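S.K.: Heads up, the sequence shown is in UniProt numbering, so the first residue is 1 and it goes up one at a time.
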Amino acid sequence: MLALYGHLFSSYTWKALIPLYANETPFEFRSVGPDQPENTAFVQAAGPMGKFPVLQDGETVVFESSAIIDHLDAFHPGPNRFVPADPAAAIRTRMMDRVFDNYVMNMMQESVVAAIRNPGAPDPEVLARVNEKLERVYAWLENWLDTYDPPLGITLVECAAAPSLFYADWVHQIDRRFPRLARWRAHLLTLPAVSRCVEDARPFRAWFPLGAPDRD
Ligand SMILES: N[C@@H](CCC(=O)N[C@@H](CS)C(=O)NCC(=O)O)C(=O)O
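(1) Helix, strand or coil, according to DSSP, for residue 173 in the structure here?
(2) From this set, 169, 195, 78, which residue's C-alpha is nearest residue 25's C-alpha?
(3) Could you tell me the distance, in whole angstroms, from the CA atom of residue 51 to the CA atom of residue 44?
(4) How would you write the range of the alpha helix (DSSP H) that residue 66 sits in, first residue to last?
(5) Kindly examine ligand 1 and report whether one of its heavy atoms sits closer than 7 Å to the Cβ of residue 53.
(6) From this set, 19, 119, 173, 64, which residue's C-alpha is nearest residue 80's C-alpha?
(7) Rounded to whole angstroms, what is the Cα-Cα separation between residue 206 and residue 131?
(8) With respect to 7 Å, is the separation between the Cβ of residue 40 and the closest non-hydrogen atom of ligand 1 below this value?
(9) What are the boundary residues of the beta strand (DSSP E) that includes residue 141?
(10) Answer yes or no: the CB of residue 211 versus the heavy atoms of ligand 1, is any distance below 7 Å?
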């Protein structure tokens, strides 16, 4: 039996949950937090920074969400193949995975961290810098979507894009200048594997340090 360690409100945990849900792969979810010290200890010991998600597959422990998705593709394949077999398409897929992690998810998290550090008064310079960078990536994605032919199912691109765009929009709204991006985000949220993550995370919304908007 596979076990996934993470938290239902965590964006990177969603990135690993989406492929598991999409392929209906059986697994046990092991939540981390003060009430589950043994799960937290497992995660702390798994990787160099003690970050989640972490996948346990028998004796094998996999950390880093993209590596987890590769592991699922290789050892627990299902109807959705997350990285295409064609090498050129696979490179494009992995490139976009890096775009969403590095320039959307991690960028958005900088504002979240600023708000955790100074509750109620996050450093305005951090917020302004993050918003500027997010606008730049939104504009780039708006053009990219003109050429992106979304697959029928879910790939690594959708796994990375859904959680990063979901929360980035909370930090800095994807406004009317980016209509394709806003439409694609809305479409991603209708995918059953994604909407399950959104619903399961709903009870934790009060935790969002910048204040969760009520639009999703
Ligand atoms: N590159 C990692 C990032 C994982 C990450 O940043 N996870 C966050 C939760 S969304 C985390 O573990 N935060 C707790 C911490 O940093 O101690 C991945 O792709 O899995």
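Glycine included, each C-beta is placed from N, C-alpha and C at the ideal position.
All values reported here derive from a predicted model rather than from experimental measurement.
M.R.: Result, derived from the coordinates:
(1) Note: residue 173 maps to coil in three-state DSSP.
(2) 78
(3) 7 Å
(4) Where residue 66 is concerned, the enclosing alpha helix (DSSP H) stretches over 65-75.
(5) It does: the Cβ of residue 53 is within 7 Å (strictly closer) of some heavy atom of ligand 1.
(6) 19
(7) Answer to the nearest angstrom: the Cα atoms are 22 Å apart.
(8) no
(9) Residue 141 -> not in any beta strand (DSSP E); alpha helix (DSSP H) instead, spanning 124-147.
(10) no
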